[in-house]
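Enquirer: In my numbering, the protein residues as written are 6 to 312. Positions of the beta carbon are idealized from the N, C-alpha and C atoms, including for glycine. Predicted model, so just to flag it, every value in this text is computed and none were measured. Quick one: structure below, then a few questions.
Shown next, in the form of structure tokens:
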């Protein structure tokens, strides 16, 4: 007897409806695990990561793969600072809308809607992409073909899309409100424990942890993190290890591996793509770090997840 596939969650049905309105791509950057833990917000693989063809090509390019993670990290930080949606252009010249899912004053994740070329700024975006390929010594042909094939939208159409994705985020928040879930009920165990522990940490350590949580997908160094919290790297190292019980870079690697374990549940992404998505610069380093921290290889984790 065949086992029926589970029905799409209310959130997934709303995402599919919104994608049917215009040729914009939609995905959800889950910052807390809520879409894994709450069945009403469950999503399929295609709506958990950017899947635009141009983005996929960039992630496979040794000269451009770090830019996708950096662009998304910058967008996430902009949303968190503003507390509301933003709209902008990524390093590949595509326009995206970033709209937060806010529940009880906390941003749980960010909806991304777009991956389109804005008509009014198309020439500038084209020049920017060509220049980036030249600077990174990346063959421009395949990337430019994907750019030319990307959907177009006017500024007015993008504005209409912003209003629609804002309504989507509000409906998702209403679902959580209707369920009456307290904040801790949809945090992952690790995040709940860390949140409790963080309250006892010095402000400098909390700031460093926040930088790592927001920018883990970037190729961060100790100097980068120290610069972001405005202190000397040696001072940060001493204070962080004394209070957190681990080095700054060890903690960053653990944060990256936590995100990688989530992504390994997604069937359409291979281990190399996941390595780049979580801030590693090559698959070998990712595999060694994952095996050391988890006790098994990423390929084994992926097999055990059933995807």
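(1) Take residue 262 and list the residues in its own chain whose beta-carbon comes closer than 7 angstroms to its own, dropping the five residues that flank it on each side.
(2) Residue 104 and residue 174 look like a contact to me (Cβ under 8 angstroms); what is the Cβ gap, rounded to whole Å?
(3) Which partner residues of residue 158 appear in the DSSP bridge assignment?
(4) Would you identify the three-state DSSP class for residue 295, choosing helix, strand or coil?
(5) Measure the C-alpha to C-alpha separation of residue 246 and residue 230 and round it to an integer number of angstroms.
(6) So what's residue 198 in DSSP terms, helix, strand or just coil?
(7) Where does residue 194 land, buried or exposed, given buried means 16+ other C-beta within 10 angstroms?
(8) Taking the Cβ atom as the reference point for each residue, do residue 95 and residue 52 lie within a distance shorter than 8 angstroms?
(9) In angstroms with no decimal places, state the Cα-to-Cα distance between residue 239 and residue 206.
(10) Which residue spans inside the segment 37 to 101 form an unbroken beta strand (DSSP E) run of at least 3?
(11) Given a threshold of 16 other Cβ atoms within 10 Å of its Cβ, counted over all protein chains shown, does residue 55 qualify as buried or as exposed?
(12) Residue 46: which of 27, 13, 64 sits nearest, CA to CA?
(13) Using the DSSP secondary-structure output, state which residues sit across from residue 140 in a beta bridge.
(14) Reducing DSSP to helix, strand and coil, say where residue 263 ends up.
(15) Between the beta-carbon of residue 27 and the beta-carbon of residue 162, is there less than 8 angstroms?
(16) Quick one: grab the DSSP three-state call for residue 118.
(17) Could you give the distance in angstroms between the alpha-carbon of residue 35 and the alpha-carbon of residue 115?
(18) What is the rounded straight-line gap between the Cα of residue 197 and the Cα of residue 264?
(19) Among all the DSSP beta bridges, which residues are the ones paired with residue 35?
(20) Let me confirm a value: residue 80 is counted as buried when at least 16 other C-beta atoms fall within 10 Å, else exposed. Which label applies?
(21) Among 241, 41, 185, which one has its Cα closest to the Cα of residue 266?
(22) State the start and end residues of the unbroken alpha helix (DSSP H) segment that holds residue 242.
(23) For a test of the three-state rule: what should DSSP assign to residue 223, helix, strand or coil?
(24) In chain order, what residues of the same chain lie with their CB nearer than 7 angstroms to the CB of residue 278, ignoring the 5 residues before and after it?
(25) When you compare only the Cα positions, how much space is there between residue 107 and residue 176?
(26) Where does residue 108 sit, in a helix, a strand or coil, going by DSSP?
(27) What span of residues does the alpha helix (DSSP H) with residue 302 cover, start to end?
(28) For a test of the three-state rule: what should DSSP assign to residue 30, helix, strand or coil?
Expert: To lay it out plainly:
(1) Result list for residue 262: 294, 295, 298, 299, in chain order.
(2) Rounded, the Cβ-Cβ distance is 5 angstroms, consistent with contact.
(3) Its beta-bridge partners are 123.
(4) In the three-state scheme derived from DSSP, where H, G and I count as helix and E and B as strand, residue 295 is classed as helix.
(5) Between residue 246 and residue 230, the C-alpha separation is close to 14 angstroms.
(6) The predicted position of residue 198 is uncertain, since its pLDDT is 46 and thus under 50; a value taken from the coordinates is nonetheless stated next. In this structure, residue 198 counts as helix in the three-state DSSP scheme.
(7) With a pLDDT of 39 at residue 194, under the threshold of 50, the modelled position of this residue cannot be trusted, and the question is left open.
(8) For residue 95 and residue 52, no; Cβs fall outside 8 angstroms.
(9) Using only the alpha carbons, I get a separation of about 18 angstroms.
(10) Runs found: 91 to 94.
(11) Buried is the call here.
(12) When the alpha-carbon of residue 46 is set against those of 27, 13, 64, the nearest one is in 13.
(13) DSSP lists no partner for residue 140.
(14) In this structure, DSSP gives residue 263 a helical state, which the three-state scheme calls helix.
(15) Yes, Cβ-Cβ distance for residue 27 and residue 162 is below 8 angstroms.
(16) Residue state for residue 118 is assigned as strand, using DSSP reduced to three classes.
(17) If I take the Cα positions, the gap works out to 7 angstroms.
(18) Bear in mind that the predicted position of residue 197 carries a pLDDT of just 41, short of 50, making it too unreliable to give a figure here.
(19) In DSSP, residue 35 forms a bridge with 114.
(20) With 16 or more Cβ atoms within 10 Å of its Cβ, residue 80 is classed as buried.
(21) The residue with the shortest Cα to Cα distance from residue 266 is 41.
(22) First-last of the alpha helix (DSSP H) with residue 242: 238 to 249.
(23) Reduced to three states, the DSSP call for residue 223 is coil.
(24) Once the five neighbours on either side are set aside, the close Cβ partners of residue 278 are 64.
(25) Going by the C-alpha atoms only, they are around 10 angstroms apart.
(26) Assigned with DSSP and collapsed to three states, residue 108 falls in strand.
(27) Bounds of any alpha helix (DSSP H) do not take in residue 302, whose DSSP letter is neither H nor E.
(28) Residue 30 falls in the strand class under three-state DSSP.
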